[in-house]
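Novice:
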Amino acid sequence: MIKLNYSNLDEQTQNYLHSLSKKDVERRYGEQLWAYAIKHGLDYDELLETETIKNLYSYRYVFKI
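When the count follows our numbering, it moves up by one through the sequence shown with no breaks and lands on 415 for the last residue.
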């Protein structure tokens, strides 16, 4: 669960959440994504970025107003 201040959803906060998600995806699925990218001739960074954005939707957020 990620707690956010509703009045502080600026670009810096969004970048922070994106970086958390990216680290999470790399930790959980990094090797599998790498193997998939090689097998199908895909760009690993592009694949990682796609999965990072998908992963952001799986988080639970609590907003403090």
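Quick reminder that beta carbons are idealized off the backbone N, C-alpha and C, glycines included.
Give the range of the alpha helix (DSSP H) segment to which Tyr-411 is assigned.
Specialist: Careful: Tyr-411 lies outside any alpha helix (DSSP H), inside the beta strand (DSSP E) at 411–414.
Novice: Between which two residues does the alpha helix (DSSP H) containing Leu-367 stretch?
Specialist: Leu-367 -> alpha helix (DSSP H) spans 361–390.
Novice: Hey, Leu-398 and Lys-372 are a contact pair by Cβ (cut 8 angstroms); roughly how many whole angstroms apart?
Specialist: The pair is a contact, with the Cβ atoms about 7 angstroms apart (cut-off 8 angstroms).
Novice: Closer than 6 angstroms by C-beta to Ala-387: which residues in its own chain qualify, once you throw out the five before and the five after it? Chain order, please.
Specialist: For Ala-387, where only same-chain residues beyond five positions count, the Cβ hits under 6 angstroms are Tyr-394, Leu-397.
Novice: What does a CB cutoff of less than 7 angstroms around Asn-405 pick up in its chain, not counting 5 residues either side in sequence?
Specialist: So the qualifying residues of the chain are Ser-371, Asp-374, Val-375.
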